[in-house]
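Worksheet: the structure to be examined is printed underneath.
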Amino acid sequence: MRTIRKEVNPVSAIVKPQVLFNIAFHNTSLPPMQPIMQAAIDLESQPGILAVSIAAGYQYADVPYMGPCVVVVADGDQALAQREAERLGAMIWDAREQLIPQIPDAAEAVRRAIAASQTPVALFELGDNIGGGSAGDATIILAELIRQRADGWVATIYDPEAVAACFAAGINGQVALSVGGKTDQLHGAPVAISGPVRTLHNGYYEETERRHGGRTVYGQGLTAVVEVNRSGQGKGGLLVLNSEREAPMSIHQITCVGIQPNQQRIFVVKGAVAPRAAYEPVCAQIIEVDTAGATAISIPSEQYHLAPKNLYEWNRS
400 MRTIRKEVNP VSAIVKPQVL FNIAFHNTSL PPMQPIMQAA IDLESQPGIL
450 AVSIAAGYQY ADVPYMGPCV VVVADGDQAL AQREAERLGA MIWDAREQLI
500 PQIPDAAEAV RRAIAASQTP VALFELGDNI GGGSAGDATI ILAELIRQRA
550 DGWVATIYDP EAVAACFAAG INGQVALSVG GKTDQLHGAP VAISGPVRTL
600 HNGYYEETER RHGGRTVYGQ GLTAVVEVNR SGQGKGGLLV LNSEREAPMS
650 IHQITCVGIQ PNQQRIFVVK GAVAPRAAYE PVCAQIIEVD TAGATAISIP
700 SEQYHLAPKN LYEWNRS
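Below, the structure is given as structure tokens:
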């Protein structure tokens, strides 16, 4: 409206730093993204500046313009817009070494979680980020938890077949299942588990806090909880099986089936950034895990056809 009324004369400048801004660093509350975003916020309060936007860039988009972008809109001063856009772009370029992921694999992440003195620990399974369009049935971390005989863990797997078997068995019924790893070959093989059915649920739950997108009502389809290797209280783990894929944006995804977060040691969370709002309040630590899958964070440049190959990380010269 101010433009229509000729109160302002917007002119814009765009700068695209030649950096691969990995999704692992899109969290705007932590470095390296946080100081860059704060600089943009501070700039918007300066005279002559109308708007500032920073897009980290979606790394899974195989398009010619893939990569981060800075847009500065000034009031009639093109030189000011260009100067400030270049300044913010330089901040991104200067952080390029921080944008190269150094993230543990599943085996190392599980070892750290087991050894943690403060719990619960959330293991963010980056390769099976449901919010990013992944399968939701990756078994890579689940298999590692079982292999390392971890205790007090909670994992969620999309597996309608397994859910149907649990409902057929009923509460306290014993089941022997091959779970997960059924969508494709990217997300691990099915894992054999057995144990009693602890909970059966319709899969609907509500979120009263501000969470991703402001959503309040969720549905993960018919849901079952199976006790795995539970020789005693706190031993083994709890496997939540759902029949509809649902991103872990709400802690009530697990509390609705009777799981109390403060009584657990390890959570497997199929997400990258957005689920932090749900899990940071109840976890002592979050460990991001570099796993294979549709949303794997380590993607070689050879898999891209249209994205620029000169982005830093792919091309460090």
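Quick note on numbering: the sequence shown equals residues 400 to 716 in my numbering. Glycine residues also receive a C-beta, built at the ideal position from the N, C-alpha and C atoms.
In this structure, does DSSP put residue i in helix, strand or coil?
{"i": "Thr555", "result": "strand"}
{"i": "Ile529", "result": "helix"}
{"i": "Leu576", "result": "strand"}
{"i": "Leu710", "result": "coil"}
{"i": "Gly636", "result": "strand"}
{"i": "Leu429", "result": "coil"}
{"i": "Thr622", "result": "strand"}
{"i": "Gln652", "result": "helix"}
{"i": "Arg486", "result": "helix"}
{"i": "Ala423", "result": "helix"}
{"i": "Asp474", "result": "strand"}
{"i": "Ile491", "result": "helix"}
{"i": "Leu449", "result": "strand"}
{"i": "Ala534", "result": "coil"}
{"i": "Val562", "result": "helix"}
{"i": "Ala380", "result": "The question about residue 380 has no answer, for the chain in this structure spans 400 to 716."}
{"i": "Ala460", "result": "coil"}
{"i": "Ala454", "result": "strand"}
Using 10 angstroms around the beta-carbon of residue i, count the other beta-carbons present and answer buried if the total reaches 16, otherwise exposed.
{"i": "Gln702", "result": "exposed"}
{"i": "Met465", "result": "buried"}
{"i": "Met400", "result": "exposed"}
{"i": "Lys405", "result": "exposed"}
{"i": "Asn601", "result": "exposed"}
{"i": "Thr622", "result": "buried"}
{"i": "Gln662", "result": "exposed"}
{"i": "Ile413", "result": "exposed"}
{"i": "Glu645", "result": "buried"}
{"i": "Ala455", "result": "buried"}
{"i": "Asn421", "result": "buried"}
{"i": "Val451", "result": "buried"}
{"i": "Tyr617", "result": "buried"}
{"i": "Asn528", "result": "buried"}
{"i": "Asn571", "result": "exposed"}
{"i": "Gln632", "result": "exposed"}
{"i": "Ala567", "result": "exposed"}
{"i": "Tyr604", "result": "buried"}
{"i": "Asn426", "result": "buried"}
{"i": "Ala591", "result": "exposed"}
{"i": "Gln497", "result": "exposed"}
{"i": "Ser516", "result": "exposed"}
{"i": "Ile403", "result": "exposed"}
Just to confirm, is the Cβ distance from residue i to residue j under 8 Å?
{"i": "Val410", "j": "Gly488", "result": "no"}
{"i": "Leu638", "j": "Val627", "result": "yes"}
{"i": "Gly538", "j": "Gly594", "result": "According to the sequence displayed, residue 538 carries Thr and not Gly. No."}
{"i": "Thr598", "j": "Glu606", "result": "no"}
{"i": "Ile665", "j": "Pro500", "result": "no"}
{"i": "Asp536", "j": "Ile556", "result": "yes"}
{"i": "Pro343", "j": "Ser642", "result": "Any answer about residue 343 is impossible in this case: the structure gives the chain only from 400 up to 716."}
{"i": "Thr694", "j": "Leu525", "result": "yes"}
{"i": "Lys634", "j": "Asp550", "result": "yes"}
{"i": "Val625", "j": "Val553", "result": "no"}
{"i": "Val471", "j": "Ile448", "result": "yes"}
{"i": "Ile491", "j": "Pro467", "result": "yes"}
{"i": "Gln547", "j": "Arg511", "result": "no"}
{"i": "Val596", "j": "Gly620", "result": "no"}
{"i": "Met648", "j": "Ala673", "result": "yes"}
How would you write the range of the alpha helix (DSSP H) that residue i sits in, first residue to last?
{"i": "Ala521", "result": "Counting along the chain, Ala521 falls outside any alpha helix (DSSP H), though it belongs to the beta strand (DSSP E) covering Val520 to Glu524."}
{"i": "Gly618", "result": "Looking at the DSSP string, Gly618 is not in any alpha helix (DSSP H); the run it does join, the beta strand (DSSP E), is Val616 to Gly618."}
{"i": "Ala512", "result": "Ala505 to Ala514"}
{"i": "Ile658", "result": "Taken as a continuous stretch (DSSP letters only), Ile658 belongs to no alpha helix (DSSP H), as it is neither H nor E."}
{"i": "Leu541", "result": "Ile539 to Arg546"}
{"i": "Ala677", "result": "Arg675 to Tyr678"}
Starting from residue i, trace the beta strand (DSSP E) both ways and give me its first and last residue.
{"i": "Pro434", "result": "Looking at the DSSP string, Pro434 is not in any beta strand (DSSP E); the run it does join, the alpha helix (DSSP H), is Met432 to Glu443."}
{"i": "Glu605", "result": "Tyr603 to Glu605"}
{"i": "Gly466", "result": "No beta strand (DSSP E) contains Gly466, which DSSP labels as neither H nor E."}
{"i": "Arg597", "result": "Val590 to His600"}
{"i": "Pro409", "result": "Pro409 to Val414"}
{"i": "Glu687", "result": "Gln684 to Val688"}
{"i": "Val667", "result": "Ile665 to Val668"}
Check your understanding: For the region 478 to 489 against the region 513 to 520, are there 3 or more C-beta pairs whose distance is under 8 Å?
Key -> no
Exercise for review: Could you say if the region 565 to 584 and the region 672 to 688 meet the contact criterion of at least three C-beta pairs nearer than 8 Å?
Suggested key: no
Review point. Do the region 699 to 716 and the region 528 to 547 make contact, defined as three or more Cβ pairs closer than 8 Å?
Key: no
Practice item. Flag this pair as touching only if the region 656 to 669 and the region 493 to 505 have three or more C-beta atom pairs under 8 Å; answer yes or no. Key: Look at the beta carbons and you see the region 656 to 669 not touching the region 493 to 505: under three pairs across the two are nearer than 8 Å.
**Study point:** Meets three-Cβ-pair contact criterion under 8 Å: the region 430 to 438 and the region 666 to 684
**Key:** no
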